[in-house]
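Asks:
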Ligand SMILES: [Zn+2]
Ligand SMILES: [Zn+2]
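Numbering (the numbering used here), first residue to last: 4 to 162.
#1: If the criterion is Cβ atoms closer than 8 Å, does the pair residue 72 and residue 48 meet it?
#2: Go ahead and pull the three-state DSSP assignment for residue 162.
#3: Quick check: the Cα distance between residue 97 and residue 21, rounded to an integer number of angstroms?
#4: Does the beta-carbon distance from residue 54 to residue 101 come in below 8 Å?
#5: Are there any heavy atoms of ligand 1 lying less than 7 Å away from the beta-carbon of residue 136, as far as the coordinates show?
#6: Using only CA atoms, which one of 92, 50 and 83 lies nearest to residue 60?
#7: I'd like the list of long-range same chain contacts for residue 65, defined as Cβ closer than 7 Å, with 5 residues on each side in sequence excluded.
#8: Give the secondary structure of residue 34 by DSSP, where H, G and I count as helix, E and B as strand, and everything else as coil.
#9: In the DSSP assignment, what are the bridge partners of residue 74?
#10: What are the start and end residues of the beta strand (DSSP E) that includes residue 45?
#11: Using only CA atoms, which one of 127, 25 and 16 lies nearest to residue 109?
#12: Starting from residue 113 and walking both ways along the alpha helix (DSSP H), at which residues does that stretch end?
#13: Terminal residues of the continuous beta strand (DSSP E) containing residue 22?
#14: Contact check, residue 113 vs residue 67 under 8 Å by CB: the rounded distance?
#15: Would you decide whether residue 132 is buried or exposed? Buried here means 16 or more other CB atoms lie within 10 Å of its CB.
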């Protein structure tokens with residue numbers, strides 16, 4: 004079965020004060036992934052949301068997740084990870100609405116959870132600007148003694 008490209012809530016199925024639990028997957032196609040140069044979504048957007056009717060508003064809260072292949076901003080290596088928005092929370096006006104479309108809001112929610120500059124690991128050392136060596140694999144000889152790294156100046160200052 005194809006993953007749905009839209010997420011909607013049928014308000015006719017909700018009674019006043021009743022909660023509805025939405026859990027499933029939403030096609031990643033709706034993300035317009037070309038905008039995200041260093042990130043390539045690899046799976047569907049997984050959602051686990053609680054809906055709660057409060058007067059004429061529907062409160063929707065929960066978790067969004069998306070698996071991506073990323074290019075590290077420091078070392079240029081491709082890595083795979085899952086981005087999670089744990090605190091998605093949005094309220095929707097429901098006056099005069101029968102079917103509420105959450106797609107656009109969920110899209111914004113998951114995009115906000117994606118970093119502008121993905122980094123493969125917190126302490127990624129990046130690549131040497133002089134020789135291009137990936138410094139996670141081994142150190143190069145040009146890193147020392149030239150004073151070109153901002154850390155060198157800092158080291159001198161700390162000493
Ligand atoms: Zn890296
Ligand atoms: Zn080097």
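The beta carbon of each residue, even a glycine, is placed where N, CA and C say it ideally should be.
On a predicted model such as this, the values are computed, not experimentally measured, just so you know.
Replies: Result, derived from the coordinates:
#1: Contact check for residue 72 against residue 48 fails: the beta carbons are separated by 8 Å or more.
#2: With a pLDDT of 48 at residue 162, under the threshold of 50, the modelled position of this residue cannot be trusted; read the value that follows with caution. The three-state secondary structure of residue 162, taken from DSSP, is coil.
#3: Their backbone Cα atoms lie some 15 Å apart in a straight line.
#4: For the 8 Å CB-CB criterion, residue 54 and residue 101 do not form a contact.
#5: For ligand 1, not one heavy atom lies less than 7 Å from the Cβ of residue 136.
#6: Nearest in C-alpha terms to residue 60, of all of 92, 50 and 83, is 92.
#7: Within the same chain, 50, 51, 52, 53 and 91 come within 7 Å of residue 65 by CB-CB distance, once the 5 residues on both sides are set aside.
#8: Note: residue 34 maps to helix in three-state DSSP.
#9: Residue pairing by DSSP places residue 74 opposite 81 in a beta bridge.
#10: Here residue 45 belongs to no beta strand (DSSP E), and DSSP marks it neither H nor E.
#11: Proximity to residue 109 across 127, 25 and 16 peaks at 25, based on C-alpha coordinates.
#12: Note, residue 113: alpha helix (DSSP H), 106 to 115.
#13: 22 to 29 is the span of the beta strand (DSSP E), which, as asked, contains residue 22.
#14: At roughly 5 Å, the Cβ-Cβ gap stays under 8 Å, so residue 113 and residue 67 are in contact.
#15: By the neighbour-count criterion, in which a residue is buried when 16 or more other Cβ atoms sit within 10 angstroms of its Cβ, residue 132 is exposed.
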